[in-house]
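Numbered as in full-length UniProt numbering, the sequence shown ends at 291 without a single skipped number.
Yeah, the Cβ is synthetic: ideal placement off N, Cα and C, and Gly gets one too.
No experiment lies behind these values; they were computed from the predicted model shown.
Take a look at the structure set out below.
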Amino acid sequence: MTDSGADLFSLLDLTEYEADALEELLLLGRTTAPDLAEATGIPKARIYGVLDALSEAGYVKMIPGRPKRYEPHEPAAIAERAVENRRHAYERFREDVEAVEEAFVDEYAPVRDRGVDELSPTEDLFHVVDVGEPSERETRRLFREAEEAVYVLSKSFGYVDAVRPAMRDAVDRGVDVDVLLLHPDSLSAENRERQAAIRETLAAEFPSVSVRVSDRVLPWRGTFADPSLSYESGQGLLMVEQEEVPNHHRQAAVTENPSFVAGMWQYFDLLWRHESVSADPDPLADDTTAK
């Protein structure tokens, strides 16, 4: 099986027997169940159940006769049907959730509200997640839920690939995105090259995203969305600078406290306006520009 074929088969939610049978049918064309069982090594006692499952999924059609024969649909039709099957499954799932949602909320919302009332000041301010996939997941959420603006404070934005689709969606919705990075002079040679490549990617793929660099050592890094100086909105994620601690031992703070997010934005804005230069095209070429 080619890599592209394996990639599609892995998305079809097939059992091993079903995947083997469908692949062999695509290679053989029309054939009988016994012949297919012999070609694939699938037990004859199982082959009819396997073919029935493929037929129900819309990947295979049965040709009546004596004996019955089975034939795969066209590859393009199989791919389209896979998408349709997933769409129908999602719709069924959504309907099932909606059917019990009201009862679920009625039962557990009062319990959660009691817990919120009992939160300590620190717990009310933020909760923590591990750095890595959990913090990247929270960052994607911030981009997805942003309505007006997202601000990124990072050494080199090295996790951009992990949040790229969510950032693209935010930009396409008209959300303003500002990225403040550490000046290349303050980076190691390896990180300097990495940041330069990321800046080029941002300039090429996200021309509306503003990128600046600051020569001030950043005490914390993070992402926050929709800050409000009237303390009506805002959420964010931040982690303090701890170079001596490996990422897999670090944690990031997630906050939905509007006052805290407003403070994060005021710090960001001061650096952005007074202690940073444009990263376009190359901050090393001109350190005199100020926004």
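Among the options, which has the Cα closest to the Cα of residue i?
i: D13; options: R86, R66 and E23; result: R86
i: E71; options: K61, V177, V254 and A79; result: K61
i: P227; options: V150, A166 and H274; result: V150
i: D169; options: F206, Y59 and R221; result: F206
i: L187; options: V209, I63, V217 and G132; result: V217
i: A222; options: H88, L36 and S156; result: Reading the sequence as shown, one finds Gly at residue 222 and not Ala. Ranking H88, L36 and S156 by Cα distance to G222 puts S156 first.
i: L238; options: A204, S135 and S278; result: S135
i: E23; options: E74, T201 and A45; result: E74
i: L25; options: Y59, F268, Q266 and L153; result: Y59
Drop a sphere of 10 angstroms on the beta-carbon of residue i, count the other beta-carbons inside from all chains shown, and report buried for 16 or more, exposed for fewer.
i: S214; result: buried
i: residue 300; result: Because the chain is modelled from 1 through 291, residue 300 falls outside the range shown and cannot be assessed.
i: G41; result: exposed
i: L119; result: Model confidence at L119 stands at a pLDDT of 49, short of 50, so the residue's coordinates are unreliable; what they give is reported in the following sentence. It counts as exposed.
i: A103; result: exposed
i: G234; result: buried
i: Y17; result: buried
i: L229; result: exposed
i: G29; result: exposed
i: G65; result: exposed
i: V105; result: exposed
i: V179; result: buried
i: I63; result: exposed
i: T288; result: Any reading at T288 must be qualified, since the residue scores a pLDDT of 42, below 50, and its modelled position is unreliable; the value itself is stated next. The residue in question, T288, is exposed, as its Cβ has fewer than 16 Cβ neighbours within 10 Å.
i: V83; result: exposed
Determine the DSSP secondary structure at residue i, reduced to helix, strand or coil.
i: G234; result: coil
i: F157; result: coil
i: G41; result: coil
i: L163; result: According to the sequence as given, residue 163 is Val; it is not Leu. Note: V163 maps to helix in three-state DSSP.
i: L180; result: strand
i: S276; result: coil
i: T223; result: strand
i: S186; result: helix
i: S210; result: strand
i: A252; result: strand
i: A203; result: helix
i: V171; result: helix
Just to check, is the beta-carbon of residue i closer than 7 Å to a non-hydrogen atom of the ligand ATP?
i: K61; result: The model on display carries no ligand, and the ligand ATP is accordingly not part of it.
Report task. State whether the stretch 92-111 contacts the stretch 40-60, with contact taken as three or more CB pairs (one from each stretch) at a distance under 8 Å. Result -> The stretch 92-111 and the stretch 40-60 do not touch, with fewer than 3 CB-CB distances between them shorter than 8 Å.
Report task. Quick one: which unbroken beta strand (DSSP E) runs of 3-plus residues sit fully inside the stretch 48-125? Chain order, please. Result -> 60-63 and 69-72
Query raised in the report: Along the chain, which unbroken stretches of the alpha helix (DSSP H) at least 4 residues long are found entirely within the stretch 10-35?
Result: 16-28
Query - At least three beta-carbon pairs within less than 8 Å, the stretch 265-279 to the stretch 157-174 - result: no
Query raised in the report: Are three or more beta carbon pairs between the stretch 174-192 and the stretch 251-263 nearer than 8 Å?
Result: no
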